[in-house]
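Respectively, the protein sequence lines represent chains A and B.
For the first sequence, my numbering assigns the number 1 to the initial residue and increments by one for each residue that follows.
For the second sequence, my numbering assigns the number 140 to the initial residue and increments by one for each residue that follows.
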Amino acid sequence: MAYSDKVIDHYQHPKNVGTLDKSKKNVGTGLVGAPECGDVMRLQIEVDDASGMITDAKFKTFGCGSAIASSSLATEWLKGKTVDQALTIDNMDIVEELSLPPVKIHCSVLAEDAIKSAINDYREKNGLEKLAFEESVVH
Amino acid sequence: MLKLPVYLDNNATTPMDTRVLEAMMPYFTEHFGNAASRNHPFGWQAEEAVDYAREQVARLIGADPKEIIFTSGATEADNLALKGVYEMYASRGNHIITANTEHKAVLDTCKHIEKLGGEVTYLDVKENGLIDLKELEAAMKPTTILVAIMYANNEIGVIQPVKEISAIAKKHGALFFTDATQAVGKVPVDVQKDGIDLAAFTAHKMYGPKGVGALYVRRKNPRVKVTAQIDGGGHERAMRSGTLNVPGIVGFGKACELCQLEMTEETERISTLRDKLETDLLQLEEAYVNGSTEHRLPHVSNISFKYVEGEGLLMGFNKNIAVSSGSACTSASLEPSYVLKALGLGDDLAHSSLRFGLGRFTTEEQIDYVIEHVRSTVLRLREMSPLWEMWKDGVDLESVEWAAH
Numbered sequence: 001m002a003y004s005d006k007v008i009d010h011y012q013h014p015k016n017v018g019t020l021d022k023s024k025k026n027v028g029t030g031l032v033g034a035p036e037c038g039d040v041m042r043l044q045i046e047v048d049d050a051s052g053m054i055t056d057a058k059f060k061t062f063g064c065g066s067a068i069a070s071s072s073l074a075t076e077w078l079k080g081k082t083v084d085q086a087l088t089i090d091n092m093d094i095v096e097e098l099s100l101p102p103v104k105i106h107c108s109v110l111a112e113d114a115i116k117s118a119i120n121d122y123r124e125k126n127g128l129e130k131l132a133f134e135e136s137v138v139h
Numbered sequence: 140m141l142k143l144p145v146y147l148d149n150n151a152t153t154p155m156d157t158r159v160l161e162a163m164m165p166y167f168t169e170h171f172g173n174a175a176s177r178n179h180p181f182g183w184q185a186e187e188a189v190d191y192a193r194e195q196v197a198r199l200i201g202a203d204p205k206e207i208i209f210t211s212g213a214t215e216a217d218n219l220a221l222k223g224v225y226e227m228y229a230s231r232g233n234h235i236i237t238a239n240t241e242h243k244a245v246l247d248t249c250k251h252i253e254k255l256g257g258e259v260t261y262l263d264v265k266e267n268g269l270i271d272l273k274e275l276e277a278a279m280k281p282t283t284i285l286v287a288i289m290y291a292n293n294e295i296g297v298i299q300p301v302k303e304i305s306a307i308a309k310k311h312g313a314l315f316f317t318d319a320t321q322a323v324g325k326v327p328v329d330v331q332k333d334g335i336d337l338a339a340f341t342a343h344k345m346y347g348p349k350g351v352g353a354l355y356v357r358r359k360n361p362r363v364k365v366t367a368q369i370d371g372g373g374h375e376r377a378m379r380s381g382t383l384n385v386p387g388i389v390g391f392g393k394a395c396e397l398c399q400l401e402m403t404e405e406t407e408r409i410s411t412l413r414d415k416l417e418t419d420l421l422q423l424e425e426a427y428v429n430g431s432t433e434h435r436l437p438h439v440s441n442i443s444f445k446y447v448e449g450e451g452l453l454m455g456f457n458k459n460i461a462v463s464s465g466s467a468c469t470s471a472s473l474e475p476s477y478v479l480k481a482l483g484l485g486d487d488l489a490h491s492s493l494r495f496g497l498g499r500f501t502t503e504e505q506i507d508y509v510i511e512h513v514r515s516t517v518l519r520l521r522e523m524s525p526l527w528e529m530w531k532d533g534v535d536l537e538s539v540e541w542a543a544h
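Written out as structure tokens, the structure reads:
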């Protein structure tokens, strides 16, 4: 199956691969997916407490090229956004940007889930209520 | 100079040997006759060519030429064997025994037979991919008409204990059918020594053309018959009607002849390369061979690289290296290989597998290239795998509560 140039570029030159110190209070970690499903994404954000701005984002992904590309793209989009702005990232934006075919839409859903999960982890650590999200549609 | 891409997917199909193509060429244009045309030289020539090919095919598996029924390929031969025996022997029973690691051409045909009222037992396999003979013995019933177990598996290459299986079938008065698609031409298959009653195989897995295969149907001790699944002019002893694919059959014959002549030498050469590939790749941490390494085809290696996903891995080199993966991330179901799962592999390991299928035209230079690129891609992807990091940190991945998807 043919991958789009953008997927290939993210796969070959992934942005922001790495690990943030999850013990830090201003770091939120989202770990979504499952090894049995062939996709696991870990996405982390580091938030500047004063401004609510995401100053750094890192990922590690076990999965196909589209899953790697989706998470790589997500970290790029997260940096420089506030936490509230980050919540507006929709999986379909990722689908569009990476030209993912229908069978790979779940990769973008996983990336969106990872973002939300990281934000909730950050909120919880900072005494904020967890946000309730609708169940992902795909899977 | 190494020519890219490197083809290591010879279990899917093989390139055609140019010697096979040469043998076929005249039968497209000059000798185009219909082998069933009995009353002119065009027909005679075609018939003669088919007869010769039938001998070449039969010789490779120790059969009599009359026992070879040409088909469009192994899938059709599998269908003919299973449905044909089910119909022909309906008065004796309706029970078929097979294994859950069979090719879909067998499994789906068995499902079809179940819908028709047949009873099918699907044997599990052991961790090494082989069936348990005791389980087979226990599954035999008075109504069992057929035992259908593949000779060698397409994904992991393990070779079933065919002689023992056929003996059990015989003891209970059932026929033994084997899908020998991956084995014929690669390892010595002998219908007499192996006690095979029916065997399906195809030309394009042994350097012959696509679109032609055969079903071996035993004629003596016992005389086996199958009900035709394609009706028409009564070709192939009325078991498979349809104008014979003369050039394809000629190519099939030539391919069989070449396999027979070169098997010993070729096996030696290819298995040495396969072993080199496997030994070198297994030096990576957390890399495992799937299935028996003892009872296995000489050209196949199926390896799981834990903590990297197969399709992601393929993407790292599939422009330059053609292999296949047990991960089925592209399919709608997202289900990994049912064969690997049947070995008891967790979904995670099944998702992390690659199948290397070497062949006649594989060179050492290619193997060196593959080792280098697969290794570097595994290492690179592990650096970005959260599972690899967790494992390195000593996290028990089994104990993690994964967000359900």
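Just so you know, even glycine gets a beta-carbon here, dropped at the ideal spot from N, CA and C.
Computed from a predicted model, the values in this text were never measured in an experiment.
Coarse secondary structure for LEU337 (chain B), derived from DSSP in three states: Indexing the second sequence from 1 puts residue 337 (chain B) at position 198. In the structure shown, LEU337 (chain B) sits in a strand (DSSP, three-state: E or B).
Proximal residues to LEU337 (chain B) (C-beta, below 8 Å), its chain only, five neighbours per side dropped: Indexing the second sequence from 1 puts residue 337 (chain B) at position 198. Closer than 8 Å at Cβ, skipping near neighbours: ALA220, VAL224, LEU314, PHE315, PHE316, THR317, LEU354, TYR355, VAL356, ARG357, VAL363, VAL365.
First through last residue of the beta strand (DSSP E) which encompasses THR88 (chain A): In the first sequence, counting from the first residue as 1, residue 88 (chain A) sits at position 88. First-last for THR88 (chain A): undefined, no H or E at that position.
Members of the segment 37-61 of chain A that neighbour chain B once the beta carbon cut-off is set at 9 Å: CYS37, GLY38, ASP39, VAL40, MET41, ARG42, PHE59, LYS60, THR61
Per-residue contacts from LEU526 (chain B) into chain A (C-beta, under 8 Å): By one-based count along the second sequence, residue 526 (chain B) stands at place 387. By Cβ distance, chain A contributes PRO35, VAL40, PHE62.
Neighbourhood of LYS81 (chain A) by C-beta distance below 6 Å, restricted to the same chain and skipping five residues each side: To locate residue 81 (chain A), count along the first sequence from 1; it is residue 81. If we look at LYS81 (chain A) and ignore the five residues flanking it on each side, its Cβ neighbours are ILE54.
Endpoints, alpha helix (DSSP H) assigned at MET402 (chain B): Taking the first residue of the second sequence as position 1, residue 402 (chain B) is located at position 263. Looking at the DSSP string, the run of the alpha helix (DSSP H) that includes MET402 (chain B) is 385-420.
Simplified DSSP assignment, three categories, for GLU186 (chain B): As a first step, residue 186 (chain B) is located in the second sequence; it is residue number 47 there, counting from the start. In this structure, GLU186 (chain B) counts as helix in the three-state DSSP scheme.
Sequence-distant residues of its chain with Cβ nearer than 7 Å to LYS265 (chain B) (five each side left out): In the second sequence, residue 265 (chain B) corresponds to position 126, counting from 1. Closer than 7 Å at Cβ, skipping near neighbours: ASP271.
Reduced DSSP category for VAL328 (chain B) - H, G, I as helix; E, B as strand; rest coil: On the second sequence, position 189 is the one that residue 328 (chain B) refers to. If DSSP states are grouped into helix, strand and coil, VAL328 (chain B) belongs with coil.
Distance CB(ASN293 (chain B))-CB(ASN429 (chain B)) smaller than 8 Å: The residue given as residue 293 (chain B) occupies position 154 in the second sequence. The residue given as residue 429 (chain B) occupies position 290 in the second sequence. No, the pair does not count as a contact, with Cβ atoms beyond the cut-off.
Proximity test, Cβ basis, 8 Å: ASP487 (chain B) and chain A: Here residue 487 (chain B) refers to the residue found at position 348 of the second sequence. It does; some Cβ of chain A falls within 8 Å.
With 16 other Cβ atoms within 10 Å as the buried cut-off, status of PRO108 (chain B): Nothing can be reported for residue 108 (chain B), as the shown portion of chain B is limited to 140 through 544.
Status (buried if at least 16 other CB within 10 Å, exposed otherwise) for LYS104 (chain A): Position 104 of the first sequence, counted from the start, is the residue given in the question as residue 104 (chain A). Its Cβ being crowded by 16 or more others within 10 Å, LYS104 (chain A) is buried.
As assigned by DSSP and simplified to three states, the class of GLU46 (chain A): Looking up residue 46 (chain A) in the first sequence gives position 46. In the structure shown, GLU46 (chain A) sits in a strand (DSSP, three-state: E or B).
For ASN441 (chain B), the first and last residue of its enclosing beta strand (DSSP E): Taking the first residue of the second sequence as position 1, residue 441 (chain B) is located at position 302. 439-444 is the span of the beta strand (DSSP E), which, as asked, contains ASN441 (chain B).
HIS10 (chain A) burial status per 10 Å Cβ neighbour count (16 or more: buried): In the first sequence, residue 10 (chain A) corresponds to position 10, counting from 1. Result: buried.
heavy atom of the ligand GTP below 7 Å from LEU147 (chain B) C-beta: The ligand content of the structure shown is nil, which means the ligand GTP is not present either.
Helix, strand or coil at GLY63 (chain A) according to DSSP, with G and I counted as helix: Taking the first sequence and counting its residues from 1, the one referred to as residue 63 (chain A) is at position 63. Three-state DSSP puts GLY63 (chain A) in coil, outside helix and strand.
Between the CA atoms of THR61 (chain A) and HIS13 (chain A) - distance to the nearest angstrom: For the purposes of this step, residue 13 (chain A) is identified with residue 13 of the first sequence, where counting begins at 1. For the purposes of this step, residue 61 (chain A) is identified with residue 61 of the first sequence, where counting begins at 1. If I take the Cα positions, the gap works out to 14 Å.
At least three beta-carbon pairs within less than 8 Å, the segment 29-38 of chain A to the segment 99-117 of chain A: yes
ASN126 (chain A) in three-state terms, based on DSSP: Taking the first residue of the first sequence as position 1, residue 126 (chain A) is located at position 126. ASN126 (chain A) falls in the coil class under three-state DSSP.
For THR469 (chain B), the three-state DSSP class (helix, strand or coil): Sequence index remark: in the second sequence, residue 469 (chain B) carries index 330 (1-based). Because THR469 (chain B) carries a pLDDT of 46, less than 50, the predicted location of this residue cannot be relied on, and the following value inherits that uncertainty. THR469 (chain B) falls in the coil class under three-state DSSP.
Whether SER410 (chain B) touches TYR427 (chain B) by CB criterion (8 Å): As a working mapping, residue 410 (chain B) is identified with position 271 in the second sequence. As a working mapping, residue 427 (chain B) is identified with position 288 in the second sequence. Not a contact, by the Cβ cut-off of 8 Å.
Unbroken beta strand (DSSP E) run spanning VAL32 (chain A), endpoints: As a working mapping, residue 32 (chain A) is identified with position 32 in the first sequence. From DSSP, the beta strand (DSSP E) with VAL32 (chain A) extends over 27-34.
Buried or exposed by the 16-neighbour rule on C-beta atoms within 10 Å, applied to GLN299 (chain B): As a first step, residue 299 (chain B) must be located in the second sequence, where it is residue number 160. By the neighbour-count rule (16 or more Cβ atoms within 10 Å), GLN299 (chain B) is buried.
Where ASP532 (chain B) sits in the DSSP three-state scheme: The residue you call residue 532 (chain B) lines up with position 393 of the second sequence. Three-state DSSP puts ASP532 (chain B) in coil, outside helix and strand.
GLU528 (chain B) versus GLU537 (chain B): straight-line alpha-carbon distance, rounded: The residue given as residue 528 (chain B) occupies position 389 in the second sequence. The residue given as residue 537 (chain B) occupies position 398 in the second sequence. So the two alpha carbons sit approximately 14 Å from each other.
Interface residues of chain B facing THR19 (chain A) [CB-CB closer than 7 Å]: Translated into the one-based positions of the first sequence, residue 19 (chain A) becomes position 19. Within 7 Å Cβ-Cβ: GLU528.
Within chain A, the residues that SER466 (chain B) reaches when beta carbons sit closer than 7 Å: Residue numbering aside, residue 466 (chain B) sits at position 327 when the second sequence is read from its first letter. Those are GLY38, listed as they occur along chain A.
Cutoff 8 Å: ILE89 (chain A) Cβ touching any chain B Cβ: Looking up residue 89 (chain A) in the first sequence gives position 89. For ILE89 (chain A), the answer is no, since every Cβ of chain B falls outside 8 Å of its Cβ.
6 Å CB neighbourhood of HIS434 (chain B) in its chain, flanking five on each side removed: Here the question's residue 434 (chain B) lines up with position 295 in the second sequence. Answer for HIS434 (chain B): VAL297, ILE298, listed in chain order.
Own chain residues within Cβ distance below 7 Å of GLU145 (chain A), not counting five before or after: In the structure as shown, chain A starts at 1 and stops at 139, and residue 145 (chain A) therefore has no counterpart that could be examined.
Alpha-carbon to alpha-carbon, LEU423 (chain B) and THR231 (chain B): Start at 1 with the first residue of the second sequence, and residue 231 (chain B) comes out as number 92. Start at 1 with the first residue of the second sequence, and residue 423 (chain B) comes out as number 284. For the record, residue 231 (chain B) in the displayed sequence is Arg; it is not Thr. Taking the straight line from one Cα to the other gives about 54 Å.
DSSP three-state assignment for LYS81 (chain A), whether helix, strand or coil: For the purposes of this step, residue 81 (chain A) is taken as residue 81 along the first sequence, with counting starting at 1. Coil at LYS81 (chain A), not helix or strand.
Which residues DSSP lists as bridging ALA238 (chain B), in chain order: Within the second sequence, numbered from 1, the residue matching residue 238 (chain B) stands at position 99. B:LEU262, per the DSSP bridge assignment.
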